[in-house]
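Only one structure is covered here, and it is reproduced in the block below.
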Amino acid sequence: MPYSKWGAKTCCLCEDGHFARTGVCIGCDAGMCRTYFHVTCAQREGLLSEAHSEEVDQADPFYAHCKMHTDKMHLRRRRRNWLSLQLRIKQRQLEYQQVGYSDTPEQLRMRRKLAKYRTKYLNHKTLRNPPWVPTQKMPRLLTTSASAVRKLMLKAELMGIDTQSLEIQEADVAALVDIHKKWHIQPAFSVEFIGYYLDRNNRLSSMKRGLEELLDANSQLQDEQQALRQKYDQYKAGWDPDAIGFRHVWDSPAKGYPHIPRSSFSLEDTPTSMPFRPCQVP
Ligand SMILES: [Zn+2]
Ligand SMILES: [Zn+2]
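Here numbering that gives the first Met the number 0 is used: position 162 in the sequence shown is 161, and no number is missing along the way.
This is the structure we're talking about:
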């Protein structure tokens with residue numbers, strides 16, 4: 000199995016979040032479903048199933064489906080099975096711990112058989128080809144190993160580090176990261192709301208400043224428009240409807256287009272030889 004699979008997906012069923020990224024997770028077998036979980040967590044929740052008898056010859060006869068893709072009845076039944084199995088294991092452990100339990104004839108027979116099978120297995124192992132092991136060391140994250148996580152937690156405990164308060168602190172910092180983008184946070188005595196409240200004050204003052212600037216710009220533009228409108232009305236009043244003729248325009252530029260200064264036209268530029276053709280209106 001490629002090492003990149005370790006810790007690649009987060010288990011959504013883990014009871015302790017510290018272990019959600021340890022080991023290898025499998026995905027829900029329903030098409031397109033993007034739910035991942037540990038096999039043991041799935042077993043605890045009753046999400047594992049075997050293939051039906053007619054499909055047994057396929058390579059992987061076991062299925063895992065997430066809670067959404069499992070029948071509720073099956074889920075409850077399998078969960079009950081798992082709980083009863085756990086109870087039975089506990090019961091057996093208690094029985095084994097009782098004095099004289101391992102000396103009963105049944106236990107002696109079982110242990111004799113076990114020893115026989117053990118020697119058989121060891122003989123078989125010596126005859127078999129040794130399994131392939133990676134020849135070079137491959138890196139993988141320390142936090143993908145559940146035992147390493149357990150040891151690190153124990154170390155923190157022994158060093159007197161309060162991991163819980165550190166976690167709360169980290170969550171607070173994470174909540175404050177994009178506080179300036181959030182609106183409508185429910186009022187509460189939480190770090191998030193207080194951060195939002197303080198940031199909102201800053202936001203309001205900067206918005207007020209922006210509003211003042213925009214109002215200034217608006218009045219300035221309105222003044223400008225007023226002046227332009229006056230100028231426009233002035234020119235419109237001086238407009239001569241007789242000057243619409245083409246030759247008139249060319250002959251006396253200042254009459255038809257009073258906004259063009261007279262000085263920009265010189266007599267040499269005026270195309271007097273241009274034939275006048277009135278527009279044809281159908
Ligand atoms: Zn898990
Ligand atoms: Zn699913």
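Ideal Cβ positions, reconstructed from N, Cα and C, are used throughout, including at glycine.
Please name the residue, chosen from Y35, R202, Q85 and S83, that lies closest to H64 on a Cα-to-Cα basis. Nearest in C-alpha terms to H64, of all of Y35, R202, Q85 and S83, is Y35.
Determine, using beta-carbon pairs with one atom in the region 91 to 99 and one in the region 65 to 74, whether at least three such pairs fall under 8 Å. These segments do not touch.
Same chain, Cβ closer than 8 Å to E267, five either side skipped, listed in chain order: Because the pLDDT of E267 is 48, which lies under 50, any placement of that residue in the model is unreliable, and the number read from its coordinates should be weighed accordingly. The beta carbon of E267 is closer than 8 Å to none in its chain, skipping five residues each way along the sequence.
To the nearest angstrom, report how far apart K124 and K115 are at their CA atoms. Rounded to whole angstroms, K124 to K115 spans 14 Å at the Cα level.
Measuring CB to CB, does C10 end up less than 8 Å from H37? Contact flag set, yes.
On the three-pair Cβ rule with 8 Å, is the region 142 to 158 touching the region 166 to 174? Touching, no.
Which residues in the same chain have their Cβ closer than 7 Å to the Cβ of S144, if we skip the five residues on either side of it in sequence? If we look at S144 and ignore the five residues flanking it on each side, its Cβ neighbours are T21.
Span of the alpha helix (DSSP H), counted from its first residue to its last, around E166: It spans T162 to V176 - the alpha helix (DSSP H) in which E166 sits, taken as one unbroken run.
Measure the CB-CB distance between T142 and G30 and report whether it falls below 8 Å. T142 is not a Cβ neighbour of G30, given a cutoff of 8 Å.
Go ahead and pull the three-state DSSP assignment for N128. DSSP places N128 in the coil class of the three-state scheme, outside both helix and strand.
Which class does G22 belong to by DSSP, given the choice of helix, strand or coil? In the structure shown, the three-state DSSP call for G22 is coil.
Flag this pair as yes or no: are the beta carbons of R77 and G45 separated by less than 8 Å? R77 is a Cβ neighbour of G45, given a cutoff of 8 Å.
Give me the DSSP bridge partner(s) of L47. Secondary-structure assignment with DSSP links L47 through a beta bridge to A63.
Among L74, G194 and Q163, nearest to L47 - alpha-carbon criterion: Taking each of L74, G194 and Q163 in turn and checking the Cα distance to L47, the smallest one comes out for L74.
Residues bridged to F36 by DSSP? Beta-bridge pairing links F36 to I25.
Buried or exposed: which applies to M273, given that a residue is buried once 16 or more other Cβ atoms fall within 10 Å of its Cβ? In this predicted model, M273 has a pLDDT of only 49, less than 50, meaning its place in the structure is not dependable; the value taken from the coordinates is given anyway. Classification of M273: exposed, given that the 10 Å Cβ count is below 16.
For a test of the three-state rule: what should DSSP assign to A187, helix, strand or coil? In the structure shown, A187 sits in coil (DSSP, three-state: anything other than H, G, I, E or B).
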